[in-house]
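Under the working numbering, residues 13 to 446 are what the sequence shown spells out, in order.
These notes are about the structure you will find just below.
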Amino acid sequence: MPISSGLNSEIIRVGIVLPEDKIQQITISWSTELELESNVPDITTAQSISLLVEHDGIGLKNFPNTSNQSTLTLSCPDQVESLSTKYGFHIDSVVAGRGFHWEKRIEVDLPGRLEISIQDGFLKIINFVDVEAYVACVATSEMGSEAPSDLLAAQTIVARCWSLALAEAKHLAHGYDVCNDDCCQRYQGTSFLTEHSLKAAIETRGEVLVYDDKVIDARYSKNCGGMVEAYDTVWEGGKVPYLIPLWDGPIQKPGHAVDDFDTHYAYDEAYCSSKRFENVNLGGMLGKVDVSGSYYRWEQVMAKVGILKNLKKYTGLTWSSIDDIRIMERGPSARIKYLFLVGTDENGASVEQVVKSEYGIRQMFSDSFLYSSAFVIHNADTLKDDDHVVLKGVGWGHGVGLCQMGALGMALEHIGYKEILRHYYPGTRLAQLS
Ligand SMILES: [Zn+2]
Ligand SMILES: [Zn+2]
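Given below as structure tokens:
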């Protein structure tokens, strides 16, 4: 049976510069060879424009005789065959890792159409791009240029499924389908595109994973920590038959990480285990922005005052101390579903507060965003008197679906992309879009 894509068109709308980034001035440049069209024809003879927010619209700094625009569009071809590294519109300052510990400004090169407008006094740039071009770019933005081809093929198919299923629909109310960032899928346009990744996109064009003849909601994260997590540990809406817990290794052992954290912590046979990457150039394989530590096993120290500050920030509560942390429920990979903070309020009364969800927990126990919610309190016995909390944890990200480092580990062992996908999404099959 032919599979329908689910999207209304083959164009996906990607939010690149968002009002929350509070950018009021930006420069966009392009090469002379680019076949460029714009609603402001003067621009097409130039090689760059500097835009700034003015009271009556977008001002074009290097075109003083052009009136300010409420919306500016720039477009260039975006068929996947027309792409190459750094092809498209170059923007030198786009936020990557919004709100995460690795937030930074990066350069991007974007194919397709840019629609630039002003919202709440700040610039908003949406990139309308062909889905196949988008997934080719996502695969390299999520991976490094030296990634093995089976990893790229797997990542490309997963990115395509995720984009087409659009199950999260986080940004539709703001006029775009996905953002450019880790919140959705990391997309840096053609900046790091390689022949290799382009080849993966072209060779797997239209290839998707299906379950019950529907494109699957292909979740993925950086490092599961040894066991892939169940969908319903992290998100509402019940179980998803192909996003289930499994050991991320060659052998499916009985039991779960949650049964015995210390044994799990010692487990180093996983495809995503640091042990497999000792002689591997991870930077070249996993992308440029996130190779700063070991994500399979980690330890983080958080001052209690930091947690009190987060408690105030996210719940409005003012406490004077944290006395205990009670972990209430974990998913199979040991990711905590909810916990109780126990403390003393400003009147000296004993109080407790629930911290719900994997996301909420990662926010609460870090100044930016904790690697994962799969941790134990290492200093639990002395916590009441300590001025800090020592977290001993595993994995990076929500851990559901494909584990990117695990998929890398598998590809390095010459396991093909079809088998990689079968491992992470059991019960699904590969199909061709109609
Ligand atoms: Zn997003
Ligand atoms: Zn893994």
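The C-beta atom is built at its ideal place from N, Cα and C for all residues, glycine as well.
Asked	Found
Using only alpha-carbon positions, find the residue among D142, M422, P31 that is nearest to I23.	D142
Skipping 5 residues on each side, what residues in its chain have a beta carbon closer than 8 Å to that of V52?	L72, F75, T78, Q81, L84
Is V227 near L176, with beta carbons less than 7 Å apart?	yes
Tell me the rounded alpha-carbon separation between H208 and S157.	8 Å
Check whether the Cβ atoms of I38 and F101 lie closer than 7 Å to each other.	no
Looking only at DSSP bridge pairs, what is H208 linked to?	Note: H208 sits in no beta bridge, so no partner.
Going by Cα to Cα distance, which pick from Y232, V402, I348 is closest to V270?	I348
Could you give the DSSP three-state label for D33: helix, strand or coil?	helix
Would you decide whether M13 is buried or exposed? Buried here means 16 or more other CB atoms lie within 10 Å of its CB.	Low per-residue confidence applies at M13: pLDDT is 47, beneath 50, and the placement is therefore not dependable, though the value from the model is reported in the following sentence. Exposed, since its Cβ has fewer than 16 Cβ neighbours within 10 Å.
Would you kindly report the start and end of the unbroken alpha helix (DSSP H) that includes W310?	No alpha helix (DSSP H) contains W310, which is instead part of the beta strand (DSSP E) from 309-315.
Who are G201's beta bridge partners in DSSP?	D121
Classify I427 as helix, strand or coil using the three-state DSSP reduction.	coil
Could you compute how far the alpha carbon of C191 sits from the alpha carbon of I28?	6 Å
If you draw a straight line from the C-alpha of P89 to the C-alpha of S96, how long is it?	12 Å
By how many angstroms is the C-alpha of W408 removed from the C-alpha of F289?	16 Å
Where G133 and L63 are concerned, what is the direct C-alpha to C-alpha distance, given to the nearest angstrom?	13 Å
What are the boundary residues of the alpha helix (DSSP H) that L163 is part of?	161-177
Around the Cβ of K477, are there at least 16 other Cβ atoms within 10 angstroms (buried) or fewer (exposed)?	Only positions 13 to 446 of the chain appear in the structure, and residue 477 is not among them; the question remains open.
DSSP has M239 in a bridge; who is on the other side?	W259
Is it the case that the region 332-347 contacts the region 311-323, given that we only count it when at least three CB pairs across the two stretches are under 8 Å?	yes
Using three-state DSSP, classify R434 as helix, strand or coil.	helix
With a threshold of 6 Å on Cβ separation, who are the neighbours of K103 within its own chain once the five nearest residues in sequence on each side are excluded?	Reading off the sequence, residue 103 comes out as Ile, not Lys. Excluding residues within five positions, the ones whose Cβ falls inside 6 Å are I40, V120.
For S233 and V412, which I take to be in contact (beta-carbon distance under 8 Å), what is that distance rounded to the nearest angstrom?	7 Å
Whole angstroms is fine: what's the gap from L178's alpha carbon to S129's?	24 Å
By DSSP's criteria, K226 is part of a beta bridge. Which residues make up the other side?	Y223
Does the distance between the C-beta of C149 and the nearest non-hydrogen atom of ligand 1 fall short of 6 Å?	no
Is it the case that the CB of C196 approaches a heavy atom of ligand 2 more closely than 6 Å?	no
Could you tell me whether the region 184-202 touches the region 144-155, where touching means 3 or more Cβ pairs closer than 8 Å?	yes
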